[in-house]
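Remember, our numbering sits 456 above the position in the sequence shown when you count from 1.
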Amino acid sequence: MSHALPDPAPTIPEQPVRVGIVDDHESVRLGLQAACENSSYEVLFAAATAQALVDGLAGRACDVIVLDLSLGDGSLVTDNVHLVASTGSAVLVHSIADRVASVREALAAGAAGVIPKSSPTTTVMAAVASVARGDVLNNLEWATAIDADRDFAKAQLGRRERDVLHLYASGLPLKMVALQLGIAHSTAREYLDRIRVKYVEVGRPAPTKVDLLRRAVEDGILPGLDASDGDRGD
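Here it is as structure tokens:
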């Protein structure tokens, strides 16, 4: 007697990437919205100011908010990043690449990355998808903005500290970092504590693992170590 096979479990369709847009130029907002919709993303709201976006979302959560740095309402970059991030969304800066100080300020405030307005639409949409996945956007514009800013203070990490940060920020548990480097777990912890202290000293605190990942990208420790650097600070 044959037994009927149970019906396969229904597949749950992936939710589209939910996007918010802040730009004080209507043409840019409409262009971004059209590009998002062509990429099958869902634009929940688009507005000319950060506050108008938060009001328009009315508690709805975006995956990514694409934020222009220079808005006509006189608002401050840090305030705008904090305001839109308070909705639980990741923040992707979309701005003119030569605004170095503003780019650095946005990154320091917690933006996941920066994409220039001169970028092709496909590049911008790929950045939106990357940030929506929770990735820290590592691109040339980010590095260029930091390199061009003489006030951007890099933490002076020693070689072993850089090794620990590289492995830990890449996703390894601290025990595995210690094992791979052939050091005690307590020693790896000391290095990690020292790394955090050094970032605090240069005004770039990194209390969480995500913060450490961001610092590692900013300082060129990820995606690869700079073998030309000698031992410093150990």
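Each residue gets a CB set at the ideal place from its N, CA and C atoms; glycine is no exception.
In three-state terms, what does DSSP make of Val478? The answer is strand: DSSP assigns Val478 an E or B state.
Which whole-angstrom value describes the C-beta separation of Glu561 and Val533, a residue pair presumed to lie in contact below a C-beta threshold of 8 Å? 5 Å
Starting from Ile571, follow the beta strand (DSSP E) in both directions and report where the run begins and ends. Gly569 to Pro572
Taking the straight line between their C-alpha atoms, what separation do you get for His622 and Val499? 36 Å
Could you check whether Ala568 and Ala585 sit closer than 9 Å to each other, using their CB atoms as the reference points? no
Please name the residue, chosen from Gln612, Leu648, His550 and Ile552, that lies closest to Tyr624 on a Cα-to-Cα basis. Leu648
Return the chain-ordered ranges of every beta strand (DSSP E) run that is complete within the region 477-554 and spans a minimum of 3 residues. 498-503, 520-523 and 546-551
Are the CB atoms of Arg650 and Glu617 within a distance shorter than 9 Å? yes
Using the beta-carbon count (16 or more within 10 Å), is Pro572 buried or exposed? buried
Would you mind working out which of Val620, Ala491, Gly638 and Leu669 sits nearest Ala583, comparing C-alpha positions? Ala491
Using the rule of at least 16 other Cβ atoms within 10 Å of the residue's Cβ for burial, across every protein chain shown, is Glu482 buried or exposed? exposed
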